[in-house]
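*Asks:* Below is one structure. I have some questions about it.
Chains as they are written, first to last, in our numbering: chain B, 3 to 318; chain W, 98 to 193.
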């Protein structure tokens, strides 16, 4: 057995064991921490499957952002519980177990049904790649061949954040968290945020030729926003600035599609010589919106705990 | 020769990680555990980065690895401070 196969087997067994552990953790805090671990292991699994872009997204969203949201929710559910949280034993529900087993069976059947070594649409993509404006097939599919899909995905994100913000009670996105951050955290945030923005821009630019692009860059920008907000940095964007940031990606797609249609083309039928530029424009808008969405989801949910100072009040 | 040194450094790093993990599991309170963990993070990752840099045979890759180590040092140190601080605050506030 080669070392690579051994590592993959170890990874697969660990993934299942960790997933089991998430369901059977002694408390919700442990479950959340193990879930974050599961996300990081999933990211390694994607990297092993030669899908670095999914690995990046999984690490950033699956482990990072979801973890932060879950931890925050936990704090809101049990304020001040800390590690003295009551241990709750969950008994497995038979209905849920049967449903999960049936779903797993269907998925395995579907997996077995996929013809081995079938090229799918790979050849078409490679054939059309020179006219797409980018040299990375994933970006070409997402932002050119199937840009309609990606546009609607941005729409889903926008609707999700609008829904969350509508459910939130009271104050807006323009307050700051209570209590100032300590000097070491402030120092770290000031050091990290420019670097995070730099790496985000790099990933965005990289998207046209290698793994990277709007989603990875956007999640990094979102993380930078969350860090800045948690450290109590001002100025917090105003209401209209939030709206602009959140809608930018969807609007960029819409605007460019509209202009193309006005020029007698189909929606998102980029002229090949302009395709690269248009894709970069759309991706930039999308990255900003995705980042703003991530930050707004966090800040919006954070506000629900109801211990936030509002608008202009000082946080010290 | 370089390959042997690379393996040696990586193994040394793994030993530090192992010791750190054992410390995390066995030591009695948060401060002792932090002590064990930060050693593992800083030195263990340092050794592994050194081993991988030797193995890569490229200055560019070595530079990136060094940056990763420095970032992990920064994040680890700050996280350690934050955790220790919150434990202290809880002790002074709650008396437990």
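By construction, the Cβ of each residue, glycine as well, lies at the ideal position given by its N, Cα and C atoms. Quantities reported herein were computed from a predicted structural model and do not represent experimental measurements.
(1) With a cut-off of 8 Å, does the C-beta of residue 182 (chain W) fall near any C-beta of chain B?
(2) From residue 131 (chain W) to residue 199 (chain B), what distance separates their C-alpha atoms?
(3) Between the Cα of residue 262 (chain B) and the Cα atoms of B:276, B:72, B:6, which residue gives the shortest distance?
(4) Confirm, please, whether the CB-CB distance from residue 118 (chain W) to residue 102 (chain W) is below 8 Å.
(5) To which residues of the same chain is residue 297 (chain B) closer than 6 Å at the C-beta, ignoring the five residues directly before and after it?
(6) Could you say if the region 158-177 of chain W and the region 149-163 of chain B meet the contact criterion of at least three C-beta pairs nearer than 8 Å?
(7) How many Å lie between residue 251 (chain B) and residue 189 (chain W) at the Cα?
(8) List in chain order: all unbroken alpha helix (DSSP H) runs of 4+ residues lying wholly within the region 31-103 of chain B.
(9) Counting C-beta neighbours from all protein chains within 10 Å, is the total for residue 128 (chain W) 16 or more, i.e. buried, or is it exposed?
(10) Under 8 Å, with one C-beta from each stretch per pair, do the region 114-123 of chain B and the region 176-195 of chain B reach the 3-pair mark?
(11) For residue 132 (chain B), is the classification buried or exposed, using 16 other Cβ atoms within 10 angstroms of its Cβ as the cut-off for buried?
(12) Beta-carbon separation of residue 258 (chain B) and residue 283 (chain B) under 8 Å?
(13) Is residue 145 (chain W) buried or exposed, if buried means 16 or more other CB atoms sit within 10 Å of its CB?
(14) Tell me, please, whether the CB atom of residue 175 (chain W) is closer than 8 Å to any CB atom in chain B?
(15) Give me the Cα-Cα distance between residue 41 (chain B) and residue 264 (chain B), rounded to the nearest whole angstrom.
(16) I'd like to know if the region 232-252 of chain B and the region 138-147 of chain B are in contact, where contact means that at least 3 CB-CB pairs between them fall below 8 Å.
(17) Going straight from the alpha carbon of residue 308 (chain B) to that of residue 68 (chain B), what length do you get?
(18) Return no unless some Cβ of chain W is closer than 8 Å to the Cβ of residue 66 (chain B).
(19) Can you look up residue 173 (chain W) in the DSSP assignment and give me helix, strand or coil?
(20) When the cut-off is 8 Å and only beta carbons count, does residue 186 (chain B) lie next to chain W?
(21) Give me the chain B residues within the contact set of residue 179 (chain W), using Cβ-Cβ distance strictly less than 7 Å, ordered along the chain.
(22) Note down, in chain order, each residue of its chain lying with its Cβ closer than 8 Å to the Cβ of residue 290 (chain B), except the 5 sequence neighbours on either side.
(23) If the cut is a Cβ gap below 8 Å, which residues of chain B does residue 171 (chain W) touch?
(24) Could you tell me the distance, in whole angstroms, from the CA atom of residue 153 (chain W) to the CA atom of residue 169 (chain W)?
(25) Tell me whether residue 136 (chain B) sits in a helix, a strand or coil according to DSSP, three-state version.
*Replies:* Based on what the coordinates show:
(1) For the purposes of this step, residue 182 (chain W) is taken as residue 85 along the second chain, with counting starting at 1. At least one chain B Cβ lies under 8 Å of residue 182 (chain W).
(2) Here residue 131 (chain W) refers to the residue found at position 34 when the second chain is read from its first residue. Here residue 199 (chain B) refers to the residue found at position 197 when the first chain is read from its first residue. Cα atoms of residue 131 (chain W) and residue 199 (chain B): separation of roughly 30 Å, rounded to the nearest angstrom.
(3) Within the first chain, residue 262 (chain B) is the residue found at index 260, counting from 1. Measuring from the Cα of residue 262 (chain B), the nearest candidate turns out to be B:276.
(4) Start at 1 with the first residue of the second chain, and residue 102 (chain W) comes out as number 5. Start at 1 with the first residue of the second chain, and residue 118 (chain W) comes out as number 21. Not a contact, by the Cβ cut-off of 8 Å.
(5) Against the first chain, residue 297 (chain B) aligns to sequence position 295. A distance below 6 Å between beta-carbons, with the five flanking residues on each side excluded, links residue 297 (chain B) to the following residues of its chain, in chain order: 224, 227, 228.
(6) With the cut-off at 8 Å, the region 158-177 of chain W and the region 149-163 of chain B do not touch.
(7) In the first chain, the residue the question calls residue 251 (chain B) occupies position 249. In the second chain, the residue the question calls residue 189 (chain W) occupies position 92. Rounded to whole angstroms, residue 251 (chain B) to residue 189 (chain W) spans 48 Å at the Cα level.
(8) If only uninterrupted alpha helix (DSSP H) runs of at least 4 residues are considered, those enclosed by the region 31-103 of chain B are 54-59, 68-79.
(9) Along the second chain, one-based indexing puts residue 128 (chain W) at 31. So residue 128 (chain W) counts as exposed.
(10) No contact exists between the region 114-123 of chain B and the region 176-195 of chain B.
(11) What you label residue 132 (chain B) is simply residue 130 of the first chain in a count that begins at 1. Counting Cβ neighbours within 10 Å, residue 132 (chain B) comes out exposed, since fewer than 16 surround it.
(12) Along the first chain, read from residue 1 onward, the residue named residue 258 (chain B) stands at position 256. Along the first chain, read from residue 1 onward, the residue named residue 283 (chain B) stands at position 281. Result yes, Cβ atoms of residue 258 (chain B) and residue 283 (chain B) sit closer than 8 Å.
(13) The residue given as residue 145 (chain W) occupies position 48 in the second chain. Within a 10 Å sphere around the beta-carbon of residue 145 (chain W) sit 16 or more other beta-carbons, which makes this residue buried.
(14) Along the second chain, one-based indexing puts residue 175 (chain W) at 78. So, interface residue.
(15) Taking the first residue of the first chain as position 1, residue 41 (chain B) is located at position 39. Taking the first residue of the first chain as position 1, residue 264 (chain B) is located at position 262. For residue 41 (chain B) and residue 264 (chain B), the distance between alpha carbons rounds to 44 Å.
(16) Judged by Cβ distances under 8 Å, the region 232-252 of chain B makes no contact with the region 138-147 of chain B, as fewer than three pairs qualify.
(17) Here residue 308 (chain B) corresponds to residue number 306 of the first chain, with the count starting at 1. Here residue 68 (chain B) corresponds to residue number 66 of the first chain, with the count starting at 1. Caution applies to residue 308 (chain B), whose pLDDT of 45 falls short of 50 and renders its modelled position unreliable; the value that the coordinates give is listed next. Cα atoms of residue 308 (chain B) and residue 68 (chain B): separation of roughly 21 Å, rounded to the nearest angstrom.
(18) Locating residue 66 (chain B) in the first chain gives position 64, where the first residue counts as 1. No, no contact with chain W.
(19) Along the second chain, one-based indexing puts residue 173 (chain W) at 76. Residue 173 (chain W) carries a helical assignment under DSSP once its states are collapsed to helix, strand and coil.
(20) On the first chain, residue 186 (chain B) is found 184 positions in, with the first residue counted as 1. Taking Cβ atoms only, chain W reaches closer than 8 Å to residue 186 (chain B), which makes this a yes.
(21) The residue given as residue 179 (chain W) occupies position 82 in the second chain. For residue 179 (chain W), the residues of chain B that pass the 7 Å Cβ criterion are 187, in the order they occur in the chain.
(22) Translated into positions along the first chain, residue 290 (chain B) becomes position 288. Excluding positions up to five away in sequence, the list reads 220, 223, 247, 250, 251.
(23) Walking along the second chain from the start, residue 171 (chain W) turns up at place 74. Going along chain B in sequence order, the residues near residue 171 (chain W) (Cβ under 8 Å) are 190, 193, 194.
(24) The residue labelled residue 153 (chain W) in the question sits at position 56 within the second chain. The residue labelled residue 169 (chain W) in the question sits at position 72 within the second chain. Cα atoms of residue 153 (chain W) and residue 169 (chain W): separation of roughly 20 Å, rounded to the nearest angstrom.
(25) Taking the first chain and counting its residues from 1, the one referred to as residue 136 (chain B) is at position 134. Three-state result, residue 136 (chain B): coil.
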